[in-house]
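So the structure is just underneath, and the comments pick up after that.
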Amino acid sequence: MKYIEPHAHMVSRTTDDYQAMALAGCEIICEPAFWAGFDRTSAQGFYDYYCQLTDYEPARAAKFGIKHHSWLCINPKEAEDVGFAREVMSIIPEFLDKPNVLGIGEIGLNKNTTSELKIFEEHLALAKEHDLPILIHTPHLEDKLKGTRLIVDVLKNSQIDPAKIIIDHVEEHTAGLVLTEGFWAGMTLYPESKCSAPRAVDILENFGMENIWMNSACDWGVSDPIAVPKCAIEMKKRKYSPKEIEKIIYDNPLRFLSQSKNFNI
Ligand SMILES: [Zn+2]
Numbered sequence: 003m004k005y006i007e008p009h010a011h012m013v014s015r016t017t018d019d020y021q022a023m024a025l026a027g028c029e030i031i032c033e034p035a036f037w038a039g040f041d042r043t044s045a046q047g048f049y050d051y052y053c054q055l056t057d058y059e060p061a062r063a064a065k066f067g068i069k070h071h072s073w074l075c076i077n078p079k080e081a082e083d084v085g086f087a088r089e090v091m092s093i094i095p096e097f098l099d100k101p102n103v104l105g106i107g108e109i110g111l112n113k114n115t116t117s118e119l120k121i122f123e124e125h126l127a128l129a130k131e132h133d134l135p136i137l138i139h140t141p142h143l144e145d146k147l148k149g150t151r152l153i154v155d156v157l158k159n160s161q162i163d164p165a166k167i168i169i170d171h172v173e174e175h176t177a178g179l180v181l182t183e184g185f186w187a188g189m190t191l192y193p194e195s196k197c198s199a200p201r202a203v204d205i206l207e208n209f210g211m212e213n214i215w216m217n218s219a220c221d222w223g224v225s226d227p228i229a230v231p232k233c234a235i236e237m238k239k240r241k242y243s244p245k246e247i248e249k250i251i252y253d254n255p256l257r258f259l260s261q262s263k264n265f266n267i
């Protein structure tokens, strides 16, 4: 099996995780900028993080024969202080020409606050200005439906081509909302929350196999870096053909990511 891991936070993973992913057939990892498990106290902290995402992590992945790409932004969890968020955002353009950078992400909402919304809109403007694809984080649990609706409304007003936007962490109650508006949808496979492998395959059966991908979103919390190939096995158990499985774990992410000028295989 070969697959693309389109959303993983490798800065918080070990070399054993890289090895397990390589053995499972992972060819490409894409890493959105996100919360690192703690709040950074200065814009300089983000500068260092962007260096890690664009220099150090690609070199670490290459040791396992895996290509590494990244997305840049200040995540909504740390964007509550608008002044601070703007200071961080002013650093981003100097990293956009790094060869592994795909676009702006993962932006979006965490607690659906006014400040988060403001910074979300400013990220959209940045992506538009540089003609970059966008990866969007949706809130957890009780805030997810409301947050996803808010995000979709803002995106519709932004006039950005929905085909260049993926809205991640969809679940049964948000997948339809995202897909019917023409956006791409990402399903996150988590051991404790978000989607289990059987639920993710149920979602495919309800909403179809177009414009959708699966990721592990493995990070500093309880998560599984090889959740995607495990879900491929769930598809195999349900008698999906090798071609159908490859469409979800390889062809679909390849198609979306190819819209970025820095994505090449
Ligand atoms: Zn993430």
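Anchor point for the sequence shown: position 176 equals 178 in the working numbering, and the numbering is continuous, going up by one each time. Think of the CB as a built atom: it goes at the ideal place given N, C-alpha and C, for glycine as much as any other residue.
Under a Cβ-count criterion, where at least 16 other Cβ atoms within 10 Å of its own Cβ denotes burial, should residue i be classed as buried or exposed?
{"i": "VAL224", "result": "exposed"}
{"i": "ASN266", "result": "exposed"}
{"i": "SER218", "result": "buried"}
{"i": "CYS268", "result": "Outside the displayed range of the chain (3 to 267) lies residue 268, so it cannot be described from this structure."}
{"i": "PHE36", "result": "buried"}
{"i": "LYS196", "result": "buried"}
{"i": "GLY107", "result": "buried"}
{"i": "HIS9", "result": "buried"}
{"i": "LYS146", "result": "buried"}
{"i": "GLU33", "result": "buried"}
{"i": "ALA61", "result": "exposed"}
{"i": "THR16", "result": "exposed"}
Would you list the residues sitting across from residue i in a DSSP beta bridge?
{"i": "TYR5", "result": "CYS28"}
{"i": "LYS69", "result": "ILE30"}
{"i": "TRP222", "result": "Answer is none; TRP222 lacks a bridge partner."}
{"i": "ASN114", "result": "None; ASN114 has no bridge partner."}
{"i": "ALA187", "result": "ILE169 and ILE214"}
{"i": "LEU74", "result": "ILE106"}
Does residue i come within less than 7 Å of chain D when only Cβ atoms are used?
{"i": "ARG88", "result": "This model lacks chain D altogether, as it is built from one protein chain only."}
With residue i as the anchor, note down where its alpha helix (DSSP H) starts and where it stops.
{"i": "ASN269", "result": "An answer regarding residue 269 cannot be provided, because it is not within the stretch 3 to 267 covered by the chain."}
{"i": "VAL103", "result": "No alpha helix (DSSP H) holds VAL103; the beta strand (DSSP E) holding it covers 103 to 110."}
{"i": "ILE235", "result": "229 to 239"}
{"i": "LEU179", "result": "177 to 182"}
{"i": "MET91", "result": "84 to 91"}
{"i": "GLN54", "result": "First-last for GLN54: undefined, no H or E at that position."}
{"i": "PHE201", "result": "In the sequence as displayed, the identity of residue 201 is Arg instead of Phe. Segment 199 to 209, the alpha helix (DSSP H) holding ARG201."}
Given a cut-off of 7 Å on the beta-carbon distance, is the pair residue i and residue j in contact?
{"i": "SER72", "j": "LEU55", "result": "yes"}
{"i": "ILE30", "j": "LYS65", "result": "no"}
{"i": "TYR5", "j": "TYR252", "result": "yes"}
{"i": "GLY178", "j": "ILE138", "result": "no"}
{"i": "ILE162", "j": "LYS130", "result": "yes"}
{"i": "VAL230", "j": "MET211", "result": "no"}
{"i": "GLY188", "j": "ILE168", "result": "yes"}
{"i": "SER117", "j": "GLU82", "result": "yes"}
{"i": "GLU59", "j": "CYS28", "result": "no"}
{"i": "ALA26", "j": "ILE228", "result": "yes"}
{"i": "PRO135", "j": "GLY105", "result": "yes"}
{"i": "ASP221", "j": "SER14", "result": "yes"}
{"i": "LYS166", "j": "GLN261", "result": "yes"}
{"i": "PRO101", "j": "ASN254", "result": "no"}
{"i": "ALA22", "j": "GLY67", "result": "no"}
{"i": "LYS186", "j": "ASN208", "result": "The displayed chain sequence assigns Trp, not Lys, to residue 186. No; because the gap between Cβ atoms is not below 7 Å, this pair is not in contact."}
{"i": "LEU206", "j": "SER160", "result": "no"}
Could you pull the start and end residues of the beta strand (DSSP E) that residue i belongs to?
{"i": "LEU98", "result": "Run containing LEU98: none; DSSP gives neither H nor E here."}
{"i": "ILE247", "result": "Segment 244 to 248 is the alpha helix (DSSP H) holding ILE247; no beta strand (DSSP E) there."}
{"i": "ILE153", "result": "Not the beta strand (DSSP E): ILE153 falls in the alpha helix (DSSP H), residues 146 to 160."}
{"i": "ILE136", "result": "136 to 139"}
Does the pairing of the region 72 to 81 with the region 223 to 241 give three or more beta-carbon distances under 8 Å? no
Decide yes or no for the touch test of the region 115 to 127 against the region 81 to 91: beta carbon pairs closer than 8 Å, at least 3 of them. yes
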